[in-house]
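Chemist:
Chains as they are written, first to last, in the working numbering: chain E, 1 to 281; chain P, 282 to 420.
As structure tokens, this is what we get:
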């Protein structure tokens, strides 16, 4: 399994000279399986670049895993090239909602006044699936989606292939109401899908100083992110969902602090950046 | 290791912040948490009691009506919330672990994560004067 980051900015796209090293596009990660199946996680603005890169070399079927329906995770979908190809079979997976179907919630974006074209007019053959409660399989990959602590129906994903695990929890506030360092792990949101992952993409939006003013917004401080990853015994932690107000220099300062918490002697901690490629073998 | 359902994690967080006594059970009715105020009424802390099956907690505190009639487990508000998936309110008397008899008013709420996915329930209760307890209430 290979993964490539096409967007790792949180909340709002943030292009500009101060964000060039880590990128300004919102959440999107491409996953390729051993049999070259394409799984895309989230459809933030980063998915536009993925669509361009796929031009002429696109599998017939694409599976898109949405963590939730906040705009920064779906706003790129209308600019994803395969959506405009009638030969494309696009399977969109996402969390169920007590109120509206996944299709209706995506259609709310694909409709005026937010978007000029209605969902029904998209040429691609689109199928919508509520994520199952149990594990399921896409080719050689076994997947598990689990609800995580973030406003509105939101899930994180665990993808396992040949014994290697990639976990993606882009928007997550596991520390809300609990002390991550002392609470039993089975009481921690997201723990089961992150446990012993080889790679964990995880929300690391705020500094420790910023977090107290943003409690309940659904995101983590770097201290919470590192503690969560240490408790879950992940091998590699990739800080994700960078705050749109943070410059490259600020992100690097956050990484220094995160390394203090992670342990200077340990490898495996980094900031996600656009173009980052990971191979799980 | 499996983890608790997110709704229960959030319910525990809510219980922790409530001044009222609160008691949280999972989809099987197993007690998974109660808060400090609840511990004062029951006469034990959760750390002392730990997780407990429904058959155990539903009889352990000798629930009775205010007329001292024993209440069968299946008629308790929280058990009904678990079995029937409906909210229930009642006024009962229990015997705490310290032997004291206490009148309590209980409101039990079933939790659904998806429309039809029952994941557990919570009971919030208040200590109650003897005179206020006459006549058990139902939904």
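Ideal Cβ positions, reconstructed from N, Cα and C, are used throughout, including at glycine.
What whole-angstrom Cβ distance do residue 106/E and residue 92/E have, given they're in contact under 8 Å?
Modeler: About 7 Å separates the two Cβ atoms, so the contact holds.
Chemist: Give the straight-line distance between the Cα atoms of residue 193/E and residue 343/P, rounded to the nearest whole angstrom.
Modeler: Straight-line Cα distance between these residues: approximately 40 Å.
Chemist: Shortest alpha-carbon distance to residue 66/E belongs to which of 32/E, 33/E, 51/E, 103/E?
Modeler: The shortest C-alpha separation from residue 66/E is found at 103/E.
Chemist: Grab the span of the beta strand (DSSP E) containing residue 63/E for me, first residue to last.
Modeler: First-last of the beta strand (DSSP E) with residue 63/E: 61–65.
Chemist: Indicate whether the contact test is met: 3 or more Cβ pairs, each with one atom in the segment 66–78 of chain E and one in the segment 30–48 of chain E, closer than 8 Å.
Modeler: The segment 66–78 of chain E is in contact with the segment 30–48 of chain E.
Chemist: Please classify residue 16/E: is it buried, with 16 or more other beta-carbons within 10 angstroms of its beta-carbon, or exposed?
Modeler: Under this definition residue 16/E is an exposed residue.
Chemist: First and last residue of the beta strand (DSSP E) that includes residue 254/E?
Modeler: Premise fails: residue 254/E lies in the alpha helix (DSSP H), 248–262, not in any beta strand (DSSP E).
Chemist: Residues in the same chain with beta-carbon distance under 8 Å from residue 137/E, minus the five sequence neighbours each way, listed in chain order, please.
Modeler: Correct list, in chain order: 143.
Chemist: Just the Cα atoms here: how many angstroms apart are residue 206/E and residue 250/E?
Modeler: Taking the straight line from one Cα to the other gives about 11 Å.
Chemist: How many Å lie between residue 419/P and residue 76/E at the Cα?
Modeler: Caution is warranted here: a pLDDT of 45 is assigned to residue 419/P, below 50, making its placement in the model unreliable, and no coordinate value can be reported.
Chemist: Among the residues of its own chain, which have a CB less than 8 Å from the CB of residue 149/E, if the five just before and after it don't count?
Modeler: Once the five neighbours on either side are set aside, the close Cβ partners of residue 149/E are 172, 173, 174, 176, 189, 190, 218.
Chemist: Given that a residue counts as buried once 16 or more other Cβ atoms are within 10 Å of its Cβ, and exposed if not, what is residue 220/E?
Modeler: Label assigned to residue 220/E: buried.
Chemist: Against residue 285/P, what residues of chain E qualify as contacts under a CB-to-CB distance less than 7 Å, listed in chain order?
Modeler: Within chain E, the residues near residue 285/P are 186, 187.
Chemist: Do the segment 328–347 of chain P and the segment 367–384 of chain P make contact, defined as three or more Cβ pairs closer than 8 Å?
Modeler: The segment 328–347 of chain P vs the segment 367–384 of chain P: in contact.
Chemist: According to DSSP, simplified to helix, strand and coil, what is residue 319/P?
Modeler: Of the three classes helix, strand and coil, the one that applies to residue 319/P here is helix, per DSSP.
Chemist: Would residue 322/P and residue 383/P qualify as a contact pair, given that the criterion is a beta-carbon distance under 8 Å?
Modeler: The answer is yes: Cβ separation under 8 Å.
Chemist: Taking Cβ positions only, does residue 290/P come closer than 8 Å to chain E?
Modeler: Residue 290/P counts as touching chain E.
Chemist: Should residue 276/E and residue 159/E be called a contact, given that it needs their Cβ atoms to be closer than 8 Å?
Modeler: No.
Chemist: Give the straight-line distance between the Cα atoms of residue 279/E and residue 319/P, rounded to the nearest whole angstrom.
Modeler: Roughly 50 Å separates the two Cα atoms.
Chemist: Is residue 72/E close to the ligand FMN? I mean its beta-carbon at under 7 Å from any heavy atom of the ligand.
Modeler: As far as ligands go, the structure on display features none, and thus does not contain the ligand FMN.
Chemist: Per DSSP, what are the beta-bridge partners of residue 399/P in this structure?
Modeler: Paired residues: 393/P.
Chemist: Going by DSSP, what residue range makes up the alpha helix (DSSP H) through residue 159/E?
Modeler: No alpha helix (DSSP H) contains residue 159/E, which is instead part of the beta strand (DSSP E) from 155–161.
Chemist: Taking only three categories from DSSP, how would you classify residue 189/E?
Modeler: DSSP places residue 189/E in coil when its eight states are reduced to three.
Chemist: Does residue 358/P come within less than 8 Å of chain E when only Cβ atoms are used?
Modeler: Not one chain E Cβ lies under 8 Å of residue 358/P.
Chemist: How is residue 388/P classed by DSSP in three states: helix, strand or coil?
Modeler: Residue 388/P: strand per DSSP, three-state reduction.
Chemist: Residues in the same chain with beta-carbon distance under 6 Å from residue 387/P, minus the five sequence neighbours each way, listed in chain order, please.
Modeler: Result list for residue 387/P: 358, 371, 404, 406, in chain order.
Chemist: Straight-line CA distance for residue 52/E to residue 156/E?
Modeler: Looking at the two C-alpha atoms, the distance is approximately 26 Å.
Chemist: Would you kindly report the start and end of the unbroken alpha helix (DSSP H) that includes residue 168/E?
Modeler: First-last for residue 168/E: 164–169, but that is the beta strand (DSSP E), not the alpha helix (DSSP H).
Chemist: Going by C-alpha distance, which of 309/P, 292/P, 330/P, 347/P is nearest residue 303/P?
Modeler: For residue 303/P, the nearest C-alpha among the options comes from 292/P.
Chemist: Scan the segment 191–212 of chain E for residues whose Cβ lies nearer than 7 Å to a Cβ of chain P and list them as they occur along the chain.
Modeler: Hits within the stretch, in order: 191, 192, 195.
Chemist: Which whole-angstrom value describes the C-beta separation of residue 255/E and residue 271/E, a residue pair presumed to lie in contact below a C-beta threshold of 8 Å?
Modeler: So it is a contact: roughly 5 Å between Cβ atoms.
Chemist: Between residue 422/P and chain E, is there a C-beta pair that is closer than 8 Å?
Modeler: For chain P, the structure presents residues 282 to 420; residue 422/P sits outside this window and is missing.
Chemist: Give a yes or no on whether the C-beta atoms belonging to residue 226/E and residue 261/E are separated by under 8 Å.
Modeler: Contact: yes.
Chemist: Give the DSSP bridge partners of residue 336/E, in chain order.
Modeler: Residue 336/E lies beyond the residue range present for chain E, which begins at 1 and ends at 281; the question has no answer from this structure.
Chemist: Could you work out which residues of chain E lie near residue 294/P, taking near to mean beta carbons separated by less than 8 Å?
Modeler: The answer, in chain order, is 176, 177, 178.
Chemist: If the criterion is Cβ atoms closer than 8 Å, does the pair residue 60/E and residue 18/E meet it?
Modeler: No, the pair does not count as a contact, with Cβ atoms beyond the cut-off.
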